[in-house]
Each structure stands twice: as C-alpha cells, then as structure tokens.
Amino acid sequence: MPLDVLDLFRRSGALLEGHFKLTSGLHSERYLQSALVLQYPELAEALGRELGARTAHLQPTAVLSPALGGIVIGQEVARALGVRALFVERQEGALTLRRGFTLSDSDRVLVVEDVLTTGGSTRETAAVAQAHGAQVVGAAVIVDRGADPARLNLPLQALVKLEVPTYAPDVCPLCAKNVPVVKPGSRV
862 MPLDVLDLFR
872 RSGALLEGHF
882 KLTSGLHSER
892 YLQSALVLQY
902 PELAEALGRE
912 LGARTAHLQP
922 TAVLSPALGG
932 IVIGQEVARA
942 LGVRALFVER
952 QEGALTLRRG
962 FTLSDSDRVL
972 VVEDVLTTGG
982 STRETAAVAQ
992 AHGAQVVGAA
1002 VIVDRGADPA
1012 RLNLPLQALV
1022 KLEVPTYAPD
1032 VCPLCAKNVP
1042 VVKPGSRV
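For the sequence shown, the numbering used here assigns the number 862 to the initial residue and increments by one for each residue that follows.
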C-alpha cells in the first residue's frame, strides 16, 4: 500500500497553516514541519524506505544531507540503501563537512532533504560533495513544494509534490493584511 505522505503530515500536526517566513526568506501560507513526522521512528523509517526504493537505481555510495532538517530522513534513506549517511552543517555561514566526515572521487552521492522549496540548500549541499571530488547522482526529498523542476539540475525524486505559492515579503498578501509572520524552521 503506497504511503499517503500528506496524511502522515496532517495526522502528526506537521502541515501548518498561517503566515510563515521560510528559510529562503520567502513567505507562505503553509509550512511543513517535517520534524513532527520524523519524530516517530516507524514513520521516518517508512518514508526513508520509500525514498530509498525510488533512488536505488542511482547506485549511491553515500547519502549527504544538510543539517538540521535533512539529518533524520537522510539517515533513514541511507539505511534503506545500505550506504553511509553523512551531513553538512553551517560553519561561518557556509555548509561544510565536519566531524571527520569525508568524501572522495569514488563516492556517488545522493543529496537527501525533508522539504525542497527553492533548492538553495540542496544545491549548496551538492556543491560541498563536488568540492570533495564526489559525483552527485541525484536528490531526494519527502516533499517538493517548488514550482521550477529545473532548479537543481539533478535528477529529483519526491514522495509528494505540493505546489504552495510563496511570496517575496514586499509582495506578500498576508503581510499586506498585517497577519503576523512566524519563523518555524531550523534557521532563525
């Protein structure tokens, strides 16, 4: 039976409605707080297993995720694929490999995130892998909420595509109505 990803988000309270400032700086009336789904090991495992099944053909040797939101789902996808799970984290404003993690030119990297909007973190994560000589074979996300399929220049697998309008703050209709904005993500 296929996973109903949006139902999992709704049931765990992870599909929020209101006025949100996204990590990208854009505003939206919906926010996906995937940590609320991923806190349940059985749901995290099921989502990771499904993403692993959809990306196994890429034959990655490692999964690389951006901290913080991508760590749990990256670990579960790596488990499903039987490969290493690594993550990048911000140091002085830029994503970097730390904690003794290494990649080399023999690695085939799958970049895994929870939610994709503009693709900025995914592109930055892929660039870190490439800077270490690794080949980036694709990207995988639980939810793709972006509108531009070419924004990554990588093969992309998403468990669900959810088109939710985003707005620059100066043209946001919720800002125009003076609806208070909330920043629920991992980067404040």
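C-beta: ideal position from N, C-alpha, C; glycine also.
Alpha carbon of L897 to alpha carbon of L1023, nearest angstrom: 18 Å
DSSP state of A1019 mapped onto helix, strand, coil: strand
Minimum C-alpha distance to A928 - residue among R969, E911, Q952 and A995: Q952
Assigned secondary structure, L883 (DSSP; H/G/I helix, E/B strand, else coil): coil
Proximity of V1025 and S889 at Cβ, strictly below 7 Å: yes
DSSP three-state assignment for T979, whether helix, strand or coil: coil
Cα-Cα separation between A1037 and V970, rounded to whole angstroms: 43 Å
Beta-bridge partners of L962, as assigned by DSSP: According to the sequence as given, residue 962 is Phe; it is not Leu. Beta-bridge pairing links F962 to no other residue.
Segments assigned beta strand (DSSP E), at least 3 residues, entirely inside the stretch 893-957: 923-927 and 945-952
Whole-angstrom distance between D868 and V989, CA atom to CA atom: 34 Å
Extent of the continuous beta strand (DSSP E) to which V997 belongs: Q996 to D1005
Start and end residues, alpha helix (DSSP H) containing D1031: Element bounds for D1031: n/a, residue is neither H nor E.
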